[in-house]
Amino acid sequence: MATAGAWRRSLRRVWRRLLPGPRLDVVYHPAYSVEVREGLHDPRRAVRILAFLEHEGLDRSVRVHRPYRASVQKIRRVHTDAYLERLQMPDALMPILGFRVEDEVQESWIESQKAMVGGTIKAARLATAGSGLAVNLGGGLHHAFPDRGQGFCVFNDVAIAISDLRERGFGGRVLVVDLDLHDGDGTRAVFAADPDVHTFSIHNRHWGPTEAEASTAIELGDDVEDRAALDALRGALPGLAERFRPELVFYLAGCDPAADDRLGNWRMSASGILSRDRFVLDLFRRGGSPVPLVMLLAGGYGSNAWRYTARSLSWLLTGQTIDPPRTEDLALARYRRLAAQIAPSDLTREPVAPGWTLGPEDVSPALAGMARRTRFLDYYSRHGLEVALERYGFSERVRSLGYRGLTLELDLDETAGDTARMLAEDLPGTPLIELRVRRDASLIRGLTFLKVEWLLLQDPRGTFTPDRPKLPGQRHPGLGLLHELSALLVLACERLGLDGIAFVAGHYHLVAQSEDFLWFLDPEEAGRFRALRRALRGVPLARASRLVDAERVVDDETGEPVRWVPPVLIRPVSAAARVRIESQDYVATIAASAAKLRFALRDPDAPSRA
Numbered sequence: 006m007a008t009a010g011a012w013r014r015s016l017r018r019v020w021r022r023l024l025p026g027p028r029l030d031v032v033y034h035p036a037y038s039v040e041v042r043e044g045l046h047d048p049r050r051a052v053r054i055l056a057f058l059e060h061e062g063l064d065r066s067v068r069v070h071r072p073y074r075a076s077v078q079k080i081r082r083v084h085t086d087a088y089l090e091r092l093q094m095p096d097a098l099m100p101i102l103g104f105r106v107e108d109e110v111q112e113s114w115i116e117s118q119k120a121m122v123g124g125t126i127k128a129a130r131l132a133t134a135g136s137g138l139a140v141n142l143g144g145g146l147h148h149a150f151p152d153r154g155q156g157f158c159v160f161n162d163v164a165i166a167i168s169d170l171r172e173r174g175f176g177g178r179v180l181v182v183d184l185d186l187h188d189g190d191g192t193r194a195v196f197a198a199d200p201d202v203h204t205f206s207i208h209n210r211h212w213g214p215t216e217a218e219a220s221t222a223i224e225l226g227d228d229v230e231d232r233a234a235l236d237a238l239r240g241a242l243p244g245l246a247e248r249f250r251p252e253l254v255f256y257l258a259g260c261d262p263a264a265d266d267r268l269g270n271w272r273m274s275a276s277g278i279l280s281r282d283r284f285v286l287d288l289f290r291r292g293g294s295p296v297p298l299v300m301l302l303a304g305g306y307g308s309n310a311w312r313y314t315a316r317s318l319s320w321l322l323t324g325q326t327i328d329p330p331r332t333e334d335l336a337l338a339r340y341r342r343l344a345a346q347i348a349p350s351d352l353t354r355e356p357v358a359p360g361w362t363l364g365p366e367d368v369s370p371a372l373a374g375m376a377r378r379t380r381f382l383d384y385y386s387r388h389g390l391e392v393a394l395e396r397y398g399f400s401e402r403v404r405s406l407g408y409r410g411l412t413l414e415l416d417l418d419e420t421a422g423d424t425a426r427m428l429a430e431d432l433p434g435t436p437l438i439e440l441r442v443r444r445d446a447s448l449i450r451g452l453t454f455l456k457v458e459w460l461l462l463q464d465p466r467g468t469f470t471p472d473r474p475k476l477p478g479q480r481h482p483g484l485g486l487l488h489e490l491s492a493l494l495v496l497a498c499e500r501l502g503l504d505g506i507a508f509v510a511g512h513y514h515l516v517a518q519s520e521d522f523l524w525f526l527d528p529e530e531a532g533r534f535r536a537l538r539r540a541l542r543g544v545p546l547a548r549a550s551r552l553v554d555a556e557r558v559v560d561d562e563t564g565e566p567v568r569w570v571p572p573v574l575i576r577p578v579s580a581a582a583r584v585r586i587e588s589q590d591y592v593a594t595i596a597a598s599a600a601k602l603r604f605a606l607r608d609p610d611a612p613s614r615a
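Residue numbers (this note's numbering): 6 to 615.
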């Protein structure tokens with residue numbers, strides 16, 4: 006049964022669709038999404054923002070514009086011919102991305118950034134032509150210099166957009182407000198001798214010289230929280246705006262200052278980033294003489310980066326803050342819409358004609374011998390699973406990493422559980438995905454869960470990097486599809502009438518990566534994990550997990566090492582299962598357990614016992 010809060014949210018969404026608010030121009034191109042296996046980017050960042058706006062009934066208040074990719078003619082106004090020629094060479098992106106990519110990915114990345122440049126050009130034209138405010142769901146490529154790229158940035162979209170406006174007759178003063186975590190060094194260098202373009206950047210570290218005709222560069226250092234960041238902004242930007250009097254503003258609303266950013270080292274909260282965005286937008290868009298403004302996404306790394314921009318856009322469109330759903334729940338909402346178009350018979354039947362799916366020669370011997378059971382969880386045929394993964398777009402996400410000829414194998418075992426494997430034709434015997442599940446009625450009396458006995462999501466062609474280090478238990482980097490797979494398992498529970506998903510976390514990092522959509526079966530263990538998180542605050546995830554395995558966290562009271570006891574995590578699906586984690590007793594037990602435990606990190610650099 007839906008809660009009263011859920012009904013109210015649903016009614017508000019319907020109301021917003023019937024009576025849309027003020028219009029907002031948003032620029033987006035499908036080419037913005039590029040899968041880069043070694044990268045920290047979320048290729049679906051812009052797509053998730055648009056999905057959120059639709060989910061909340063705000064899509065009717067948004068005009069989505071599709072830009073053209075920027076032409077080389079426009080790019081040459083900022084970047085040198087020698088640099089553009091170097092981009093044709095193999096491994097040209099190595100110094101820009103920090104890792105090697107295949108030629109196909111290199112071409113896609115360059116074309117993606119051309120599309121983002123075109124998006125910033127389009128947004129600038131919209132803002133100056135009368136709309137006053139336009140948002141590009143990409144761009145902010147501020148580390149690109151005229152003769153080189155760096156920091157994931159190939160082309161400087163802001164500089165190219167300014168040159169385009171000037172070519173079209175715009176002669177006004179331009180202020181670039183750059184609140185990405187990192188220094189806007191490339192943009193500052195492009196306009197170092199131009200007094201009509203003021204580059205304003207608050208960041209953690211200077212990346213180079215800060216001298217320019219019109220520039221403000223403020224270095225705040227590491228571990229910055231809301232108050233310091235907002236004080237610096239409020240103390241410097243209004244006075245500059247009064248003195249400089251810009252006629253156009255580019256706002257790089259980077260989300261990498263967030264505490265949960267995978268690359269950043271600041272600790273800003275969601276409310277802090279929202280306050281930052283509101284301050285900038287109010288400063289230039291409210292009052293008697295609003296200034297045209299272009300808002301760009303800039304930096305933001307990890308699967309939650311989209312939520313910060315989505316929250317700010319909800320405030321722009323409604324005057325209120327709508328807290329975005331978890332990333333996994335957003336994927337689930339999309340999959341539910343698609344699931345409504347898939348008949349149960351599509352999931353259970355075998356192919357009706359040869360050639361639709363795998364041929365008999367592809368069937369593994371293990372499967373051929375399973376005459377008694379042919380259905381995954383006694384419901385899904387192999388063909389049905391293939392159809393579902395295609396229609397949900399899941400298989401295409403895997404193919405976008407360069408894997409072709411995907412095949413699905415089933416291994417059905419009543420004792421160990423049912424196993425599904427996805428393999429690529431050029432990596433025989435090495436699964437990209439391996440999932441073993443079974444029904445389990447032993448966890449909570451009267452409830453039956455889909456128990457995940459084994460889960461492997463791996464990218465065998467990927468490489469570990471300093472920003473994406475090897476985690477305990479890994480042979481290869483992950484595929485980056487945990488949220489999507491979790492959403493598909495929830496759909497399976499709903500179809501099969503199961504109460505939720507259950508999973509035993511063998512390592513600390515598995516809990517840390519999934520705690521936004523999985524809950525502890527035992528609230529005492531949840532409190533214990535909170536105490537561990539406190540002791541490991543600020544420690545990178547891979548190192549934290551290794552320290553826990555090496556028993557480097559100790560109990561302050563006893564001095565005894567804290568041993569990792571794999572907890573059972575659950576994702577409730579049915580109302581009966583949700584009652585458990587929503588009860589006051591459950592929440593109170595977590596708080597009490599965390600409060601009474603005092604853990605501390607001891608001798609983190611000592612030799613391991615393992």
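The beta carbon of each residue, even a glycine, is placed where N, CA and C say it ideally should be.
Sufficient close CB pairs (3 or more, under 8 Å) joining the segment 171 to 178 to the segment 246 to 266: These segments touch.
Integer Cβ distance of Ala540 from Phe604, believed to fall under 8 Å: Cβ atoms of Ala540 and Phe604 come within 8 Å of each other, at about 4 Å.
Endpoints, beta strand (DSSP E) assigned at Leu301: From DSSP, the beta strand (DSSP E) with Leu301 extends over 298 to 301.
Where the beta strand (DSSP E) containing Trp271 begins and where it ends: Counting along the chain, Trp271 sits inside no beta strand (DSSP E), nor does DSSP assign it H or E at all.
C-beta atoms of Leu186 and Asp261 nearer than 7 Å: Taking 7 Å as the cut-off, the Cβ atoms of Leu186 and Asp261 count as close.
Cβ of Leu494 within 7 Å of any chain C Cβ: Within the model displayed, chain C is absent; a lone protein chain is all it includes.
Segments of 3+ residues assigned as beta strand (DSSP E) that fall wholly inside the segment 129 to 162: If you keep only unbroken beta strand (DSSP E) runs of at least 3 residues inside the segment 129 to 162, you get 138 to 141.
Backbone CA spacing between Thr424 and Ala555 [nearest angstrom]: For Thr424 and Ala555, the gap between their C-alpha atoms comes out near 32 Å.
Glu439 beta carbon less than 7 Å from that of Leu411: Glu439 sits away from Leu411, with the two beta carbons spaced by 7 Å or more.
Delimiting residues of the beta strand (DSSP E) encompassing Glu458: Counting along the chain, the beta strand (DSSP E) containing Glu458 begins and ends at 454 to 462.
Pair within 7 Å by beta-carbon distance, Asn209 and Asp228: Cβ atoms of Asn209 and Asp228: not closer than 7 Å.
Per-residue DSSP class, three states only, for Gly389: DSSP, reduced to helix, strand and coil, places Gly389 within a helical segment of the structure shown.
Own chain residues within Cβ distance below 7 Å of Leu494, not counting five before or after: Once the five neighbours on either side are set aside, the close Cβ partners of Leu494 are Leu455, Ile506.
Complete runs of the beta strand (DSSP E) confined to the segment 550 to 606 [at least 3 residues]: Entirely contained in the segment 550 to 606, the beta strand (DSSP E) runs reaching 3 residues are, in chain order, 558 to 560, 573 to 577, 604 to 606.
Residues sharing a beta bridge with Tyr256, DSSP: As computed with DSSP, Tyr256 is found in a beta bridge with Val182, Met300.
Buried or exposed (CB count within 10 angstroms, at least 16 for buried), Arg564: Reading off the sequence, residue 564 comes out as Gly, not Arg. It counts as exposed.
Inter-residue Cα distance where the pair is Asn270 and Tyr384: Answer to the nearest angstrom: the Cα atoms are 47 Å apart.
Those residues which DSSP pairs with Arg28 across a bridge: Residue pairing by DSSP leaves Arg28 without any beta bridge partner.
Nearest neighbour of Asp199, chosen from Ala217, Leu343, Gly191, Val182 [CA to CA]: Of the listed residues, the one whose Cα sits closest to Asp199 is Ala217.
Under the three-state DSSP convention, the category Met121 falls into: Here DSSP, grouped into helix, strand and coil, assigns Met121 to helix.
CB-CB length for His2 against Gly191, believed under 8 Å: Residue 2 falls outside the range modelled here, since the chain spans only 6 to 615, and no answer is possible.
First and last residue of the uninterrupted beta strand (DSSP E) at Phe205: Looking at the DSSP string, the run of the beta strand (DSSP E) that includes Phe205 is 202 to 208.
Beta strand (DSSP E) segment containing Gly191, residue limits: No beta strand (DSSP E) holds Gly191; the alpha helix (DSSP H) holding it covers 190 to 195.
Beta-ladder partner(s) of Arg68, from DSSP: According to the DSSP secondary-structure assignment, Arg68 is paired through a beta bridge with Asp30.
Beta-bridge pairing of Ala263 - partner residues as DSSP gives them: Looking at the DSSP assignment, Ala263 forms a beta bridge with Met273.
Opposing strand residues paired with Ala222 [DSSP bridges]: Bridge partners of Ala222 according to DSSP: Ser206.
Rounded distance between the beta-carbons of Arg396 and Ala421, thought under 8 Å: About 29 Å separates the beta carbon of Ala421 from that of Arg396, a gap too long to meet the 8 Å contact definition.
CA-to-CA distance, Leu490 to Ala336, given in whole angstroms: Computed Cα separation, rounded: 9 Å.
Local Cβ density within 10 Å of Asp608, reported as buried at 16 or more and exposed below that: By the 10 Å Cβ count, Asp608 comes out exposed.
Range covered by the beta strand (DSSP E) that runs through Phe381: Looking at the DSSP string, Phe381 is not in any beta strand (DSSP E), and its letter there is neither H nor E.
Inter-stretch contact (C-beta, 8 Å, three-pair minimum) for the segment 68 to 81 and the segment 121 to 137: In the pairwise beta carbon analysis, the segment 68 to 81 is classified as touching the segment 121 to 137: at least three pairs are separated by under 8 Å.
Ala510 - DSSP class collapsed to helix/strand/coil: In this structure, DSSP gives Ala510 a state outside helix and strand, which the three-state scheme calls coil.
Nearest neighbour of Asp561, chosen from Leu537, Asp521, Ala233, Trp569 [CA to CA]: If we check each option's Cα against that of Asp561, Leu537 comes out closest.
Selected residue, minimal CA-CA separation from Pro571, among Arg193, Gly434, Ser550, Ala345: If you compare the alpha carbons of Arg193, Gly434, Ser550, Ala345 with that of Pro571, the shortest gap goes to Ser550.
Per DSSP, cross-strand counterpart(s) of Glu216: Beta-bridge annotation (DSSP): Glu216 is not paired with any residue.
Through-space distance from Gly307 to Leu503, alpha-carbon basis: Cα-Cα distance, rounded: 31 Å.
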